[in-house]
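Enquirer: Heads up: the sequence shown at position 50 corresponds to 116 in the working numbering, and the numbers run straight through without jumps. Where is the CB? At the ideal position from N, CA and C, for every residue including glycine. Keep in mind it's a predicted model, so treat the numbers as computed, not measured.
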Amino acid sequence: MDDPNRHFVSLDKALQDDKRIRYHDDYLSNLLSAIRQDFSFSLNLPSTGTSKEDGCNVGGYFVWSLLDNWEWNSGYTVRFGLYYIDYRNNLTRIPKASARWFKQVLQKTYK
């Protein structure tokens, strides 16, 4: 899930990455419905509400990427990360809304 790196966009707007949140929410919801039922209960994940799970054995999930970074084909023209990197200010890392969303999801899952 990438966003264009537009220099005229305010920092507040760049940090509010609702599209990335929707993408990961939808992806994780579909992933959850594909996981074996006994596996989902062992992680205390919420029920999908379906009567039959698909039975897939999922070994993990990761986000590309934790931080905005340099891409081979695009350089610094796109942003992928959960954390905004301020390339003009000592590479300061600022959490985007999606980073806070992931934190809440993980806290609920592993309590």
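Assuming D83 and S164 form a contact by the criterion Cβ under 8 Å, report the distance between their Cβ atoms to the nearest whole angstrom.
Expert: Start at 1 with the first residue of the sequence shown, and residue 83 comes out as number 17. Start at 1 with the first residue of the sequence shown, and residue 164 comes out as number 98. Rounded, the Cβ-Cβ distance is 5 Å, consistent with contact.
Enquirer: Does DSSP classify Y149 as helix, strand or coil?
Expert: The residue you call residue 149 lines up with position 83 of the sequence shown. Note: Y149 maps to strand in three-state DSSP.
Enquirer: Tell me whether the beta-carbon of Y150 lies closer than 8 Å to the beta-carbon of L81.
Expert: Within the sequence shown, the letter at position 84 stands for residue 150. Within the sequence shown, the letter at position 15 stands for residue 81. A contact, by the Cβ cut-off of 8 Å.
Enquirer: Considering only residues of the same chain and omitting the five flanking positions on each side of W130, which have a CB-CB separation below 7 Å?
Expert: On the sequence shown, residue 130 is found 64 positions in, with the first residue counted as 1. The residues are F146.
Enquirer: Just how far apart, CA to CA, sit S76 and G121?
Expert: For the purposes of this step, residue 76 is taken as residue 10 along the sequence shown, with counting starting at 1. For the purposes of this step, residue 121 is taken as residue 55 along the sequence shown, with counting starting at 1. Each residue's Cα considered, the two are about 44 Å apart.
Enquirer: For D104, is the classification buried or exposed, using 16 other Cβ atoms within 10 angstroms of its Cβ as the cut-off for buried?
Expert: Here residue 104 refers to the residue found at position 38 when the sequence shown is read from its first residue. Confidence is the limiting factor: at D104 the pLDDT is only 48, short of 50, which leaves the residue's position unreliable, though a coordinate-based value still follows. By the neighbour-count rule (16 or more Cβ atoms within 10 Å), D104 is not buried but exposed.
Enquirer: Looking at the structure shown, is F105 part of a helix, part of a strand, or coil, going by DSSP?
Expert: Within the sequence shown, residue 105 is the residue found at index 39, counting from 1. Below a pLDDT of 50, predicted positions are generally treated as unreliable, and F105, at 47, falls in that range; the measurement from the model is reported next regardless. In this structure, F105 counts as helix in the three-state DSSP scheme.
Enquirer: Between which two residues does the beta strand (DSSP E) containing T158 stretch?
Expert: Here the question's residue 158 lines up with position 92 in the sequence shown. Unbroken beta strand (DSSP E) run through T158: T158 to P161.
Enquirer: Looking at the strands, I want to know which residues DSSP matches up with D69.
Expert: For this step, residue 69 is matched to residue 3 along the sequence shown. Its beta-bridge partners are R145.
Enquirer: Mapping the DSSP letters down to three states, classify L132 as helix, strand or coil.
Expert: For the purposes of this step, residue 132 is identified with residue 66 of the sequence shown, where counting begins at 1. It is coil, neither helix nor strand.
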